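So the protein lines, in turn, are chains A and B.
Last residue of the first sequence: number 906 in the numbering used here, and the count goes up by one each step with no gaps.
Last residue of the second sequence: number 1084 in the numbering used here, and the count goes up by one each step with no gaps.
C-beta: ideal position from N, C-alpha, C; glycine also.
Note that the structure is a prediction, hence the values are computed from the model and not measured.
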Amino acid sequence: MDYDVLVVGSGIAGMESAIKLGDMGKKVLMVEREGSVGGRVILLSKVFPTLDCASCITTPRMAASIHHDNITPWTYTEVEAIRRNPDGTFKVKVQRKARYVDESACTGCQLCEPACTVAVPDEFNYDLIARRAAYIPFPQAVPKKAVIQREGTSPCTDTCPAGIKAHGYVSLTRSGKYEEAFQLILDATPLVGTLGRACYAPCEGECTRGDLEGTLPIRRIKRFVADRHYANYDGPNVTPDEPNGKAVAIVGSGPAGLTAAWQLARKGYRVKIFEADKEPGGFLRYALPTYRLPQEVVAQDIGNVTALGVEIAVNSPVQDLDALKLDGFDAVLLATGTPLSTSMGVPGEQLKGVLGGLDFLRDVRHGVTADMRGKKVVIVGGGNVAMDAARTARRLGAQETLVAYRRGREEMPAHKAEVDDAEAEGVKFQFLVAPVEVLGDASGKVTGLKCQRMELGQPDASGRRRPQPVKGSDFVIPCDVVVAAIGMSPDTAMFTRLLSLGEGRRIKVDPKTLQSEVSYIFAAGDVVTGPSDITQAVGHGRRAAHFIDRWLQDQPMDGFFALDDRLEVIDKAKVMARQKSFSHRDPVTLNLQHEKAPQDFHEIEPALTEEEALRGAGSCLDCGVCSECGQCVAVCPPDAIHLDAKPETFELEVGAVVLATGFQLFDAALKEDYGFGKYPNVITATQMDRQLAPTRPFNNILRPSDGRVPDRIAYVSCVGSRDKTVGNPLCSKICCMYTAKQNQLIMGALPLADVSVHYMDVRAAGKRYEEFYEQAKAMGANYIKGRVSKITELENGNLILRYEDIDNGGAITEAEYDLVVLAVGVQPNHEAEKLFPDETLHLDDFFFVNEQNDDLSPGETNLPGVFVAGAASGAKDIVDSILHAGSAVAQAASHLEKASAKKVSV
Amino acid sequence: MSRTTPRDVREVIREEPLMHRPILEAVAAGPMTVPQIAEAIGRPPREVLYWVMGMRRYGKLVTSADPDDDGYYTFTAVDGGVPS
Chain A
1 MDYDVLVVGS
11 GIAGMESAIK
21 LGDMGKKVLM
31 VEREGSVGGR
41 VILLSKVFPT
51 LDCASCITTP
61 RMAASIHHDN
71 ITPWTYTEVE
81 AIRRNPDGTF
91 KVKVQRKARY
101 VDESACTGCQ
111 LCEPACTVAV
121 PDEFNYDLIA
131 RRAAYIPFPQ
141 AVPKKAVIQR
151 EGTSPCTDTC
161 PAGIKAHGYV
171 SLTRSGKYEE
181 AFQLILDATP
191 LVGTLGRACY
201 APCEGECTRG
211 DLEGTLPIRR
221 IKRFVADRHY
231 ANYDGPNVTP
241 DEPNGKAVAI
251 VGSGPAGLTA
261 AWQLARKGYR
271 VKIFEADKEP
281 GGFLRYALPT
291 YRLPQEVVAQ
301 DIGNVTALGV
311 EIAVNSPVQD
321 LDALKLDGFD
331 AVLLATGTPL
341 STSMGVPGEQ
351 LKGVLGGLDF
361 LRDVRHGVTA
371 DMRGKKVVIV
381 GGGNVAMDAA
391 RTARRLGAQE
401 TLVAYRRGRE
411 EMPAHKAEVD
421 DAEAEGVKFQ
431 FLVAPVEVLG
441 DASGKVTGLK
451 CQRMELGQPD
461 ASGRRRPQPV
471 KGSDFVIPCD
481 VVVAAIGMSP
491 DTAMFTRLLS
501 LGEGRRIKVD
511 PKTLQSEVSY
521 IFAAGDVVTG
531 PSDITQAVGH
541 GRRAAHFIDR
551 WLQDQPMDGF
561 FALDDRLEVI
571 DKAKVMARQK
581 SFSHRDPVTL
591 NLQHEKAPQD
601 FHEIEPALTE
611 EEALRGAGSC
621 LDCGVCSECG
631 QCVAVCPPDA
641 IHLDAKPETF
651 ELEVGAVVLA
661 TGFQLFDAAL
671 KEDYGFGKYP
681 NVITATQMDR
691 QLAPTRPFNN
701 ILRPSDGRVP
711 DRIAYVSCVG
721 SRDKTVGNPL
731 CSKICCMYTA
741 KQNQLIMGAL
751 PLADVSVHYM
761 DVRAAGKRYE
771 EFYEQAKAMG
781 ANYIKGRVSK
791 ITELENGNLI
801 LRYEDIDNGG
811 AITEAEYDLV
821 VLAVGVQPNH
831 EAEKLFPDET
841 LHLDDFFFVN
851 EQNDDLSPGE
861 TNLPGVFVAG
871 AASGAKDIVD
881 SILHAGSAVA
891 QAASHLEKAS
901 AKKVSV
Chain B
1001 MSRTTPRDVR
1011 EVIREEPLMH
1021 RPILEAVAAG
1031 PMTVPQIAEA
1041 IGRPPREVLY
1051 WVMGMRRYGK
1061 LVTSADPDDD
1071 GYYTFTAVDG
1081 GVPS
C-alpha cells in the first residue's frame, strides 16, 4: 500500500480531511489540480459571520497540509482513474502535470511573471485582470512555486522543420522586444534575415488565425526583427562559450553547414568550413535569385557565423576526408547539398543553349550568363528552381519565357506563391507536356524543343498522378534556350571510399543522429535527404551539431529537444473554444505589384512597417498559451525553468478515498436578462469578493467599464439558485451571508456608497448569521424585496434594474445603479463522478455526490471505501464543510481499521 | 459608451503586451485616468482598464493614492518613461 488515503481536492474540506487523517497517523496523498492548495476559500476577502480575514484562517491550514509528516501534497496533479482492487483497496492513476519549473529550485521570486510575454485571464481573480502564462496562482500560494502554462506546442512552432519557435518570436515582437525576438531565432540558426525572406513559411500554413481572417505574417515578422537587428548591431551580439579544445570540419556552406557551424561555435568548438565555390552560402548564394534574397542579407547572416571565429575557406573542395582527420579535426560534417542539375535524358542536350537549372542560376550569380534579350526560353520542370530560372530569364530580357511541365498546375512541386509570382511577371505555362528532343540548327544552336503531350494516370509514390504519354501527340516549341530544371542531385563520388551511398547517391546516415558508418563523419542537409528547402536543411544542421557535440563529449546520443520529443501540438479546436467570440482583425497581407517585364534583380517584397509587424503579431491567438519565448528562463535566478519537462503518470495503491472536489459556480451568463458578459458593470459576487480581498486585482473597488469608484451598488440574490428556469431549485445556502458580508465590507471601503440588495427572502440559518444580516442592514444596506426581472444598460454604463417592489405594493419599479453584483449560486462539480471508470458513483437528484444516509452516516457514498467531504455533496459554508470533512475522516478511518482488522483475522 | 457587446475577455487581455507602448506614451505627458487614456489611444475604457491593471500588477504603472472628484484614479508610468 502506497498510501492509506487518497484525498482528492485541497479546498477547505480536502485540507481538513488530510490534516485530520495525518494526525491520526494515516499516510495521506492529497491531490490538487491547481498549482496551489487552498481551493476557493483562500480567494475570499473575509469570512462570515466573524469577518475574519480568509487568508489568516486559511494559510495556516495550507501550510499544515503540505508540511505534515504524514501528508504527501501533489499540486498541479490530476487523478485520472480510481479502480477497486479485489481486496477492497484501490489502484489510483495519477498524472503530475508538468509545471516546467523545478519545485525544489524555484524560490517563488516571481521574476518570471513580468518577463513573460503572454497575457491570459487570471482565473484566480475570476477574469477581472490578466496574469501571465508564467505565474504563481496567487500571492499566498502554497507551495509558492511558479507554473508555466503550456497546453501544447503552438501549430506554427510545431510545424517548423528548423525547430524555430515561431510563436515565441511573434509574442516577443508583440511586446516590442525585437532584439529578443531576433535572438530567439538566432538560437536556432544564424540565417535569420535569409529565412525572413526565402522561407516558405509552413508556420503560416498552420496558423490558427488562418481559420479566421487569415494567417499572421510570421515570416515577414522574422524579416522585420532581422532588419532591426542588422540596423543596430554588427554581428550577432552573442558571446560563445570558452573554447573546448575540439575542432570540427564542415564541408559545404549552405544552410545546413552554416547552421551546424553556428551551433558548434557557440559551444566552444573550433569550426572550419570548406566551401568549393568562390563565395560561401551554397544554395543561398547561387540558387536563390537576389530579387528574393539580396546577397547583402546572406552576407549579414554569414557574418553571424564568422563573428564567432568560424573560418570559411572558399575555393576549397574536399576530396579526402581522412586528411581532415589527420589535420586535427575531431569530427567532420558533410553538408554539400545537391549541386548537380539532373539531365533531361533526351537527344540534343549537348546543343548550345541547353542549360541546367542550377547551372543557369549559378552562372547568373557569377555574371557569366549569355545575353537573353529577345530570346525565347523554355524552362523544363515545375519546381522552385524552375520558377526561379523562369523569373531570372525574364529579368535577363527574354522575349518569351515558357515553363513546360509534364503534370498539371495542381501537381507542381513549386510553392504556389512562386508559381503565382512567376505568372504575374509574364511567365507562361504549358502543362502536361514532356520533352522528347532538343532540336538545333547546323551550327549546333537550339532552335526548338520537341515535346509530347501527357495525360495523368493513377497516383504514384509521391501521391501525385503519374503522367503518361499521349501517343502521336508530338509537337515543337520553337525556342533559343532550354533550361532543364527537373531535379538536383548530390555530388558524392569523392566520398565513396569511406562512405556508403543510398538512393540517389545520397549519403547514408542514422536518421536520428545523422552519424555515418564512420563514427567521426556526420552528414546533413540535402546531401542526405535529397532536394528539400532551407528550413529543413537548417533543422538538419541543428540536429547534426547537437549529435556531433554529444558524440565528442561522450554523452548519450539523445536529448535533441529542439525537434524531437516536443510537447504535442495543441488541437486548434481547443484554441478556438477558449473564446465565445472573435472580433474581426484585418490581416496583414502582401500585395506585391509585379512588373510584367521586370528589368532588374532588386528585392521585390517590401519589409513590414513597425505598425504592420505589431498589428500582425498582435493577432496571435497564443495557441499553446506559453509561447516558448524563453524570457522566463533568461531571468530565473536559480535556473529552475525547464520547458522540456514532461508530465509523469503514477499508479498507486491506496486504502480509501476522500472526495473533496468542491463545487462549481453558476455561470451568470445563462441568466441572459441580467446581462452578465454583455454589460461590463454587471459582475458576480465572486468577482466582488476578489475586489474586496487584500490581494485584490485593482487598487480599490472599481467599475469594470471605466475604472470609476461606484457610488450606487446593487446586489441581486439567488442568481442560479432557487431557480427552476436554470435547472437548480436548490438554495445555495451561502449567498445570503456572503452578500451581507460584502455589504459590510463595501460600506467600510466606500463609506459614501449606497448598497442595495434585491432579494426574495433571506436565509440566515447558522450561528450568529441572523445577527450578521441585521448588522448589514444596520450599517445601511438597503434590502428590497422583489425579484429582478431585467437589467438594461445606459449610455454611461449605469444599469437599470427592473423589479417588483413587494414591500411597497408590488409596483413594477426601476432603479439606476453604477454597479450590479449577481449573488451567484452553487452547482455540483461533475469531476468526481468521472474518476471511477469501473463503478458508478451515485449522485443525488441534483447531481451532487450522494450520501447513502446523510442523517446517520454523512460522508459515506455508495462505494465502500469512498467518502465525500465538503461541498462535493451539496452547498455548504466553511463551517459546515469542516464539520462534514470531520465526518468523512471518521468514516475513512473506521473503514481502514475494519479493513485492517479483517486482514489480521484472515 | 459603446453599446455593442464587449469583446471576449481573453481577446482583450491577450492584447495587453501590445498596448504597453501606447499607454506608456500616453501617460508620459502626465497622470491620466482610464477614460483619458482610452481617449488618447482610441480604445474603449473597459479594455483599457484590463490593460492598465495588468500593467500595474506587473510593475509598469502606479495609481494615485486617491481618486479625483469624479471617482477616477490616475495612472503614472513607474519609471516615468516610455519603452525604447
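{"Item": "C-alpha distance - M557 (chain A) paired with K512 (chain A), whole-angstrom precision", "Value": "9 angstroms"}
{"Item": "Minimum C-alpha distance to A573 (chain A) - residue among A:T117, A:D122, A:L191, A:R209", "Value": "A:R209"}
{"Item": "Near the ligand SAH: C620 (chain A) beta-carbon under 7 angstroms from a heavy atom", "Value": "For the structure depicted, the ligand SAH is absent and the ligand set is empty, with no information on it obtainable."}
{"Item": "Limits of the alpha helix (DSSP H) - the one that P1022 (chain B) falls within", "Value": "1016-1027"}
{"Item": "8 angstroms Cβ cutoff met for I1013 (chain B) and V1027 (chain B)", "Value": "no"}
{"Item": "Closer than 8 angstroms to chain B by CB, K678 (chain A)", "Value": "yes"}
{"Item": "Any C-beta of chain A under 8 angstroms from that of E1011 (chain B)", "Value": "yes"}
{"Item": "Outcome for K898 (chain A) when other beta-carbon atoms lying within 10 angstroms are tallied against a minimum of 16", "Value": "exposed"}
{"Item": "Limits of the unbroken alpha helix (DSSP H) element including P858 (chain A)", "Value": "P858 (chain A) -> no alpha helix (DSSP H), and no H or E assigned at all."}
{"Item": "Endpoints, the beta strand (DSSP E) within which P435 (chain A) is located", "Value": "433-440"}
{"Item": "C-alpha distance - H167 (chain A) paired with Q300 (chain A), whole-angstrom precision", "Value": "24 angstroms"}
{"Item": "Under 8 angstroms (Cβ pairs) to chain A, residues found in the region 1010-1031 of chain B", "Value": "R1010, E1011, I1013, R1014, E1015, E1016, P1017, L1018, H1020, R1021"}
{"Item": "Which of helix, strand or coil DSSP assigns to T1076 (chain B)", "Value": "strand"}
{"Item": "From A:G886, A:R406, A:A597, A:L608, residue whose alpha carbon lies closest to that of T589 (chain A)", "Value": "A:L608"}
{"Item": "Cβ neighbours of N315 (chain A) in the same chain (closer than 6 angstroms, five flanking residues each side left out)", "Value": "K278"}
{"Item": "Supposed close pair V120 (chain A), A105 (chain A) - CB separation, criterion 8 angstroms", "Value": "Between A105 (chain A) and V120 (chain A) the Cβ distance is about 24 angstroms, and since that is not below 8 angstroms, they are no contact."}
{"Item": "Cα-Cα separation, P30 (chain A) to V658 (chain A)", "Value": "Sequence inspection shows Met at residue 30 (chain A); the Pro mentioned does not correspond to that position. Cα to Cα, the separation comes out at about 9 angstroms."}
{"Item": "Status (buried if at least 16 other CB within 10 Å, exposed otherwise) for A253 (chain A)", "Value": "For clarity, residue 253 (chain A) is Ser in the given sequence; the question names Ala instead. It is buried - the Cβ of S253 (chain A) has at least 16 other Cβ atoms within 10 Å."}
{"Item": "Range covered by the beta strand (DSSP E) that runs through R84 (chain A)", "Value": "77-84"}
{"Item": "Residue from A:D754, A:A764, A:V755 with nearest C-alpha to I734 (chain A)", "Value": "A:A764"}
{"Item": "Top-ranked residue by Cα proximity to A562 (chain A), from A:R550, A:I570, A:V476, A:R542", "Value": "A:R542"}
{"Item": "Within-8 angstroms CB hit, T1076 (chain B) to chain A", "Value": "no"}
{"Item": "Nearest to S717 (chain A) (by Cα), restricted to the options A:V654, A:V820, A:G356, A:M488", "Value": "A:V820"}
{"Item": "Any chain A beta carbon closer than 8 angstroms to D1070 (chain B)", "Value": "yes"}
{"Item": "As assigned by DSSP and simplified to three states, the class of F560 (chain A)", "Value": "coil"}
{"Item": "Below-8 angstroms beta-carbon distance, D1008 (chain B) vs any chain A residue", "Value": "yes"}
{"Item": "Of the listed residues A:L324, A:G257, A:P647, A:V826, nearest to P729 (chain A) (C-alpha basis)", "Value": "A:V826"}
{"Item": "Reduced DSSP secondary structure (H/G/I, E/B, other) of L172 (chain A)", "Value": "helix"}
{"Item": "7 angstroms CB neighbourhood of S500 (chain A) in its chain, flanking five on each side removed", "Value": "K508, E517"}
{"Item": "Identity of the residues DSSP links to D586 (chain A) by a beta bridge", "Value": "Partner(s): none; D586 (chain A) has no beta bridge."}
{"Item": "CA-to-CA distance, D673 (chain A) to F666 (chain A), given in whole angstroms", "Value": "15 angstroms"}
{"Item": "Residues near Y817 (chain A) in its chain [Cβ-Cβ closer than 6 angstroms; skip 5 each side]", "Value": "R712, A714, L799"}
{"Item": "N- and C-terminal bounds of the beta strand (DSSP E) containing A815 (chain A)", "Value": "811-817"}
{"Item": "Contact with chain B by Q687 (chain A), beta-carbon distance below 8 angstroms", "Value": "no"}
{"Item": "Test item: CB-CB of G662 (chain A) and G35 (chain A) under 8 angstroms", "Value": "no"}
{"Item": "Unbroken beta strand (DSSP E) run spanning F90 (chain A), endpoints", "Value": "90-96"}
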